[in-house]
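Trainee:
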Amino acid sequence: YLVNPISVSNLVQALVPVAQKKKPIVNIDSTIDAEQAKTAGFAVSTYIGTDNVAAGALAGEEMLKLVPKGSKVALIAGIVGDVGSNARIKGFKQAVEGKLEVAVMVSADWDREKALTAATDILQAHPDLAGFFAANDIMALGVERAVQTSGKDVKVIGLDGIVDALKSVAAGELSATVAQYPYVVGAMGVEACKAAAMGKELPANVPAPVLLINKDNAEASLKNFPRPGGDYPDPFREMLK
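Using the working numbering, read the sequence shown as starting at -11 and increasing by one per residue.
#1: Let's test the definition: count the other Cβ atoms within 10 Å of the Cβ of Ala47 and tell me whether it reaches 16, buried, or not, exposed.
#2: Any idea if Met51 is buried or exposed, counting beta-carbon neighbours within 10 angstroms, 16 or more meaning buried?
#3: Please determine, among Val135, Ala28 and Leu154, the residue with the shortest C-alpha to C-alpha distance to Gly7.
#4: Is the beta carbon of Ile64 closer than 8 Å to that of Ala96?
#5: Buried or exposed: Leu228, going by 16 or more other Cβ atoms within 10 Å of its Cβ?
#6: For Met186, which option in Phe224, Glu101, Val151 and His114 has the closest C-alpha, if you only look at C-alpha atoms?
#7: Look at the Cβ atom of Tyr169, then the Cβ atom of Ala196, and state whether they are nearer than 8 Å.
#8: Quick one: using the 10 Å Cβ neighbour count with 16 as the cut-off for buried, is Asp141 buried or exposed?
#9: Does Lys9 come out as helix, strand or coil in the three-state DSSP assignment?
#10: Need the endpoints of the alpha helix (DSSP H) that Gln1 sits in, please.
#11: Over what stretch of residues does the beta strand (DSSP E) that includes Pro195 continue unbroken?
#12: Pull the bridge partners of Ile145 from the DSSP assignment, please.
#13: Can you say whether Ser209 is buried or exposed, counting buried as having 16 or more other CB atoms within 10 angstroms of its CB?
#14: Can you check which of these residues, Gly130, Ala164 and Phe120, is closest to Arg100 by C-alpha distance?
#15: Should Ala45 and Ala103 be called a contact, given that it needs their Cβ atoms to be closer than 8 Å?
#16: Using only alpha-carbon positions, find the residue among Val172, Ala183 and Ala123 that is nearest to Ala164.
#17: Anyone know if the C-beta pair for Ala192 and Val14 falls short of 8 Å?
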């Protein structure tokens, strides 16, 4: 069974009869809470998804290349309490800790217009701001609009690697984005199901590929979309050989 829940708990009870029939459960993208699953009497066979902390760290490392040490940056988070947003912000903060000053962090609910409004206010309140990290590309595009309107040279990095963001990076608007690859997550999920059906032992956790996209590789990334360019680790593909 290949599942992608909308929350950590919404599929737990529904999967109990699946587990009772000894059917493998392949969890992709959004995680099922392991403790809740254990309480219900089952465990997922494997999880495949983006390591959001690592993705946020890639964004932080790129920001360090774009702005002087000690610069002020602002963070635009998603929905308050969202696990993915929190992980992306955590990764970024870890990468820039002691090197950049996080002047402010606000939540914009994954919304472009809310991010635009928030960034406009932040630019007015912090005229010396050097950069923004937005926890997804939709918000980053809103932030970039605010930066363009202000006429300032402020770097903006997003995360997801959606087509509009890749085009913006290629055009020299967004400074960068960190691309994740839902296509690969889905494909690996199907491979994992096939491997499980063959009786293969699945690894507990498989991180999907993420890639820093800047002006140097944006055009190539657009051509390769929705796949990453080049090869990437895929244990399930090896099992099916």
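Where is the CB? At the ideal position from N, CA and C, for every residue including glycine. Source: prediction; values computed, not measured.
Mentor: Once the coordinates are examined:
#1: Buried, since its Cβ has 16 or more Cβ neighbours within 10 Å.
#2: The residue in question, Met51, is buried, as its Cβ has 16 or more Cβ neighbours within 10 Å.
#3: The amino acid occupying residue 7 in the given sequence is Ala; Gly does not appear at that position. Distances from the CA of Ala7 to each of Val135, Ala28 and Leu154 were compared; the closest alpha carbon is that of Ala28.
#4: Yes, the pair counts as a contact, with Cβ atoms nearer than the cut-off.
#5: Leu228 comes out exposed.
#6: Between Met186 and the set Phe224, Glu101, Val151 and His114, the nearest pair of CA atoms involves Phe224.
#7: The Cβ atoms of Tyr169 and Ala196 sit closer than 8 Å to each other.
#8: Result: exposed.
#9: Secondary structure at Lys9: coil, using DSSP grouped into helix, strand and coil.
#10: Per DSSP, Gln1 belongs to no alpha helix (DSSP H) and is neither H nor E.
#11: Run containing Pro195: Asn193 to Pro195, per the beta strand (DSSP E) assignment.
#12: Its beta-bridge partners are Phe121 and Ala164.
#13: Here Ser209 is buried. Its C-beta has 16 or more other C-beta atoms within 10 Å.
#14: Of the listed residues, the one whose Cα sits closest to Arg100 is Gly130.
#15: Against a cut-off of 8 Å, the Cβ pair of Ala103 and Ala45 comes out as no contact.
#16: Ala164 has its Cα closest to that of Ala123, out of Val172, Ala183 and Ala123.
#17: No. Outside cutoff.
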